[in-house]
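Report on the following structure.
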Amino acid sequence: MKENINNDLEKLEGALFACIRITKRPSYWDEFQKRANVTIDRPAAFILMVLNKHSLQFQDLVNKLGVEAPSVSRKVHELEDSGYIKRQPTTDRRVHLLTLTPEGNAVAKKINESRLAIFSEIMSTWPEEDKKQLSSLLSKLSEDLSNRFSQRKGQE
């Protein structure tokens, strides 16, 4: 019985790893950009998608992305220069909130719609119950992974 469990875990981990590899392929990202009718690199798009949910202080964005601060800083400056992000003052003059401009919101919305459209097409033949079950189980796995590997609880 233990051998079956290990085989199932290996199969699951292998499938998740394959999905991650596929989503990092240039052809995958190219399709999203083409459908969204935007030209933006993947790291910048991730920042827009995170900030599309809510404004964040810089360090909170770094923690949420799990990327080194200098890399995030460069992308934030690029996005500011492009007119997609602005800094909002807070009561602490040393701290600003990063928030999307209307243009940034529009790009994030296009990217999200494109992502959902592709997944919808890929899963169009799946029974609704399978989609619900996969969504539920992957959400649980994501939460458990986040709890285990987050630098701080609640940052993901």
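Going by the working numbering, the sequence shown opens with residue 36, and the numbers climb by one from there.
Ideal Cβ placement from N, Cα and C applies to all residues, glycine included.
Here's the rule: buried if 16 or more other CB atoms are within 10 angstroms of the residue's CB, otherwise exposed. What is F154? When all chains shown are included, F154 counts as exposed.
Return helix, strand or coil for T134, following the three-state DSSP convention. strand
For the 8 Å Cβ check, are there 3 or more pairs between the segment 151–167 and the segment 94–103? Contact between the segment 151–167 and the segment 94–103 is absent, because fewer than three Cβ pairs lie under 8 Å.
How would you write the range of the alpha helix (DSSP H) that R122 sits in, first residue to last? It is not in any alpha helix (DSSP H) - R122 instead sits in the beta strand (DSSP E) that spans I120 to P124.
Contiguous beta strand (DSSP E) assignments of at least 3 residues, all confined to the segment 130–184: 131–135
What's the gap between the Cα of W64 and the Cα of M84? 14 Å
Classify I146 as buried or exposed, calling it buried when 16 or more other Cβ atoms lie within 10 Å of its own Cβ. buried
In whole angstroms, give me the CA-to-CA distance for T74 and E66. 11 Å
Since A79 and K46 are thought to touch, with beta carbons under 8 Å apart, how far apart are those beta carbons, to the nearest angstrom? In fact, because the Cβ distance is near 34 Å, the residues do not count as touching under 8 Å.
What first and last residue would you give for the alpha helix (DSSP H) that runs through V73? No alpha helix (DSSP H) contains V73, which DSSP labels as neither H nor E.
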